[in-house]
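2 protein chains.
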Amino acid sequence: MDNQLISFTEENYLKIIYLLTERHNGNEVSTNQLAEHTQTKAASVSDMLRKLAEKSYINYRKYQGVRLTEAGEQIALGVIRKHRLWEVFLVEKLGFGWDEIHDIAEQLEHIDSKELTKRLDDFLGNPQFDPHGDPIPDSKGKMPSVSYQKLSEISLNQSVVMMGVSVHSPAFLQHLDKQQITLGCDLKVLEISDFDKSYDLLLNDEIRLFVSNEVARNLLVQISST
Amino acid sequence: MDNQLISFTEENYLKIIYLLTERHNGNEVSTNQLAEHTQTKAASVSDMLRKLAEKSYINYRKYQGVRLTEAGEQIALGVIRKHRLWEVFLVEKLGFGWDEIHDIAEQLEHIDSKELTKRLDDFLGNPQFDPHGDPIPDSKGKMPSVSYQKLSEISLNQSVVMMGVSVHSPAFLQHLDKQQITLGCDLKVLEISDFDKSYDLLLNDEIRLFVSNEVARNLLVQISST
DNA sequence: ACAAAATTTTAGACTAATCTAAAAATATAT
DNA sequence: ATATATTTTTAGATTAGTCTAAAATTTTGT
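Residue numbers (the working numbering), protein chains in the order written: chain A, 18 to 243; chain B, 18 to 243.
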C-alpha cells in the first residue's frame with residue numbers, strides 16, 4: 018500500500034534484529050540467534066543478511082553479527098508500533114486476554130497503510146504502552162522512555178508497581194493471571210527465601226503471594242512514588 | 018493460525034472465482050477473466066488452476082473454465098466474510114470513507130484467526146451488510162439473502178431505497194458522495210431522458226438530482242415498502 | 001598457542017508464484 | 001465450413017525464501 022519495496026519476511030527480520038539488539042543492550046545480534054527467532058536455519062539467515070545489507074537496512078560484517086542502520090531501525094519501529102497498537106486493540110476493544118494476542122498481532126503488524134495506523138492509534142486513545150507494558154513507538158519512531166527494574170532486583174520491604182513482563186509466553190502470562198498479578202498492581206516484597214530466592218509478596222496491600230525467583234526475574238516493576 | 022494448508026494467493030484466487038461466478042449468475046469463470054482480476058497473465062492462472070483443482074477446491078476442465086467445489090466455496094466465503102467485516106470496522110469504528118477501504122480490507126481479509134473473526138463480528142454488532150451494501154456471510158458461510166434491482170430497471174414515479182452499488186471504484190463512490198447519494202437514502206424516479214436515458218431523481222423527498230444512465234445501472238435499490 | 005568445538009558462510013537444490021514465447025484448442029466470421 | 005482470430009495451455013526461465021551438506025572462520029579450553 019504505502020511501501021512496495023520491503024517484503025513481509027524482510028520486515029520480520031528487521032523487527033527481530035531490533036528486539037534482540039535491545040535485549041542485548043545494543044550489542045550485535047548473531048546469526049544463530051536470528052535463526053532461532055525466525056524459525057529457520059542459520060544458512061537461510063546468512064542469505065537474508067546479505068540481502069538486507071545490500072539494501073542498507075543493516076550493517077553486516079561476515080562472522081561479526083549484525084546491527085540495524087537508521088533506515089532499518091525506522092522500519093523495525095514501524096512494525097513494532099503496529100504490533101503493539103493492534104495488541105491494545107485486541108485486549109481493550111475485543112476483550113482478548115494478554116496471553117492470546119501475540120500470534121494475531123504477528124499477522125496484523127504487516128498490514129500496510131499509514132492512514133490505518135494513524136486512525137487506529139487515535140481510536141485507541143494514542144496509548145503509550147501495550148497490554149504487556151511494552152512501550153509503543155510514536156509515528157516518528159520515538160519510543161516512550163521507560164525505566165523498569167526486575168522485581169528480583171528489589172530490596173526487602175520495598176513497595177513497587179507492576180509495569181511489564183520480560184517474557185511473553187502464554188504459560189507465563191496465564192501463571193500471572195492465576196496469581197492475580199496484573200499490570201498496575203501493587204507489590205511489596207515481604208521476604209526473600211534464603212533457600213531458593215523465591216519471593217513472599219503482598220499484593221495490593223491485601224493478599225499474601227509467593228512467586229518463584231524465575232517469576233521475579235521476569236516481572237518489570239517501578240518503585241512506588243506514593 | 019487456524020489453517021496452514023492454504024496460501025494467501027490461493028485464498029485470493031478462490032475469492033475472485035466466487036465473486037466472478039456470482040457476477041455471471043453461476044456460469045464458469047474463464048482464465049482470461051481471472052488473469053485480469055488477479056493482475057497476472059493467463060499462463061500463471063492456468064498453473065494455479067491446475068493446482069487448485071488438484072487440491073479439490075475447484076472443478077476444472079481444460080479450456081472449459083472453472084467453478085468452485087463446496088470446499089472451495091467455503092474458503093471463499095470465509096475470506097469474503099472477513100473482508101466485509103473489516104470494511105464495517107474501518108467505516109464504523111475508524112471513520113474511513115467507503116471509497117478508502119477496499120485496499121486495506123484486501124490485506125485484512127487474510128488474517129487467520131477464527132477467534133478474532135468471531136470477536137470482531139460481535140464487536141461490530143453482527144452486521145449483515147458492509148458499507149457498500151454487500152451481504153456478509155455468517156460464520157457458517159450462509160449469505161443473507163438480498164433482492165436488489167438496478168435503479169436503471171425502475172419505472173417512472175417509483176420510490177426506492179438505495180441499498181448498494183455494483184461497482185466499488187473510488188471514483189464512482191466519490192461521485193455518489195458528491196451527489197449525497199448514500200446507503201439507505203430515498204430516491205424517486207421523476208423522469209428518464211429520451212435522449213441519453215439519464216435519470217431525474219428526487220432525493221429524500223427534497224432534492225432534485227440528475228444522474229447518468231451509467232450511474233443508474235450501478236445503483237442497487239429496493240422498492241420502498243412505505 | 002593451538003587443537004577441538006562451535007558458529008557462520010557458501011554451494012547447490014527445492015518450492016511457490018510468476019513471466020514470455022510458442023503450441024494447442026476453441027470460437028468467429030464470411 | 002473452413003480460414004482466421006482468440007483464448008488457453010505448455011515449456012522453459014526467474015525470483016524469493018528456504019533447505020542440507022560441506023567449507024571457512026571464530027571461539028574455547030587446557
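Beta carbons: idealized from backbone N, C-alpha and C, even for Gly. Since the structure is predicted, the reported quantities are computational estimates derived from the model, not experimental observations.
In DSSP terms, what residue i is bridged to
i, result
"GLY181 of chain A", "A:LEU237"
"LYS205 of chain A", "A:SER176, A:LEU219"
"ARG84 of chain B", "B:ASN76"
"PHE106 of chain A", "Partner(s): none; PHE106 of chain A has no beta bridge."
"ASP227 of chain A", "Checking the displayed sequence, the identity of residue 227 of chain A turns out to be Phe instead of Asp. Its beta-bridge partners are A:ASP217."
Alpha-carbon to alpha-carbon, residue j and residue i
i, j, result
"HIS100 of chain A", "LEU207 of chain B", "53 Å"
"THR86 of chain B", "LEU69 of chain B", "10 Å"
"LEU141 of chain B", "SER63 of chain A", "45 Å"
"ARG98 of chain B", "ARG98 of chain A", "27 Å"
"ILE34 of chain A", "CYS202 of chain B", "53 Å"
"ARG78 of chain A", "GLU27 of chain B", "39 Å"
"ILE153 of chain A", "GLU223 of chain A", "32 Å"
"THR199 of chain B", "GLU109 of chain A", "31 Å"
"GLU255 of chain A", "LYS195 of chain A", "As shown, chain A starts at 18 and ends at 243. That puts residue 255 of chain A outside it, with no answer to give."
"VAL177 of chain A", "SER47 of chain A", "35 Å"
"ILE75 of chain A", "MET65 of chain A", "11 Å"
"SER242 of chain B", "ASN221 of chain B", "15 Å"
"GLN21 of chain A", "ILE128 of chain A", "Confidence is the limiting factor: at GLN21 of chain A the pLDDT is only 48, short of 50, which leaves the residue's position unreliable and the question unanswerable from this model."
"ALA122 of chain B", "GLN81 of chain A", "42 Å"
"ASP139 of chain A", "GLU126 of chain A", "17 Å"
"LEU17 of chain A", "PHE227 of chain A", "This structure cannot speak to residue 17 of chain A, because chain A is shown only from 18 to 243."
"ARG4 of chain A", "LEU111 of chain B", "A query on residue 4 of chain A cannot be resolved here, the shown segment of chain A reaching from 18 to 243 and no further."
"ILE118 of chain B", "GLN56 of chain A", "33 Å"
"TYR30 of chain B", "LEU51 of chain B", "8 Å"
"ASN235 of chain A", "THR134 of chain B", "32 Å"
"GLN239 of chain B", "SER215 of chain B", "19 Å"
"ARG84 of chain A", "ALA60 of chain B", "42 Å"
"GLY114 of chain B", "GLY89 of chain A", "33 Å"
"GLY150 of chain A", "HIS54 of chain A", "21 Å"
"VAL105 of chain B", "LEU168 of chain B", "24 Å"
"SER130 of chain A", "GLN124 of chain A", "14 Å"
"ILE23 of chain B", "GLU71 of chain A", "32 Å"
"PHE189 of chain A", "MET180 of chain A", "15 Å"
"PHE25 of chain B", "SER210 of chain B", "47 Å"
"GLN197 of chain B", "THR38 of chain B", "32 Å"
"PHE212 of chain B", "ARG225 of chain B", "19 Å"
"SER162 of chain A", "LEU107 of chain B", "31 Å"
"TYR14 of chain B", "GLN145 of chain B", "Nothing about residue 14 of chain B can be reported from this structure: the residues present for chain B run from 18 to 243 only."
"LEU102 of chain B", "ASP147 of chain B", "7 Å"
"HIS185 of chain A", "LEU36 of chain B", "41 Å"
"ARG67 of chain B", "ASN143 of chain A", "48 Å"
"LEU193 of chain B", "LYS32 of chain A", "42 Å"
"PRO187 of chain B", "ASN49 of chain B", "24 Å"
"SER183 of chain A", "SER73 of chain A", "30 Å"
"LYS58 of chain A", "LYS58 of chain B", "34 Å"
"ASP120 of chain A", "LEU237 of chain B", "40 Å"
"ASP116 of chain A", "GLN191 of chain A", "7 Å"
(request) May I have a chain-ordered list of the beta strand (DSSP E) segments no shorter than 3 residues that lie completely inside the stretch 20-55 of chain B? (result) Runs found: none.
(message) Taking beta-carbon pairs under 9 Å, can you tell me which members of the stretch 126-157 of chain B lie near chain A?
(response) Against chain A - using a Cβ distance shorter than 9 Å - the residues of the stretch 126-157 of chain B are HIS127, ILE128, ASP129, SER130, GLU132, LEU133, ARG136, LEU137, ASP139, PHE140.
(message) Tell me whether the stretch 156-174 of chain B and the stretch 86-94 of chain B touch, counting them as touching only if at least three CB pairs, one residue from each stretch, are closer than 8 Å.
(response) Touching, yes.
(request) Evaluate contact between the stretch 217-235 of chain A and the stretch 39-57 of chain B, counting only Cβ atoms and requiring at least three cross-stretch pairs below 8 Å. (result) Counting Cβ pairs under 8 Å, fewer than three are found: no touch.
(request) Tell me, please, whether the stretch 170-185 of chain B touches the stretch 198-217 of chain B by the rule of three or more beta-carbon pairs shorter than 8 Å. (result) With a cut-off of 8 Å, the stretch 198-217 of chain B and the stretch 170-185 of chain B count as touching, because enough Cβ pairs lie within range.
(request) With 8 Å as the limit, tell me which residues of the stretch 97-126 of chain B have their beta carbon closer than that to any beta carbon of chain A; keep them in chain order. (result) Within the stretch 97-126 of chain B, the residues whose Cβ lies closer than 8 Å to any Cβ of chain A are, in chain order, LEU107, LYS110, LEU111, GLY112, PHE113, GLU117, ASP120, ILE121, GLN124, LEU125.
(message) In chain order, what are the residue ranges of uninterrupted alpha helix (DSSP H) at least 4 long that sit wholly in the stretch 118-202 of chain A?
(response) Scanning the stretch 118-202 of chain A from its first residue to its last, the whole alpha helix (DSSP H) runs of 4-plus residues come out as 119-125, 131-140, 187-195.
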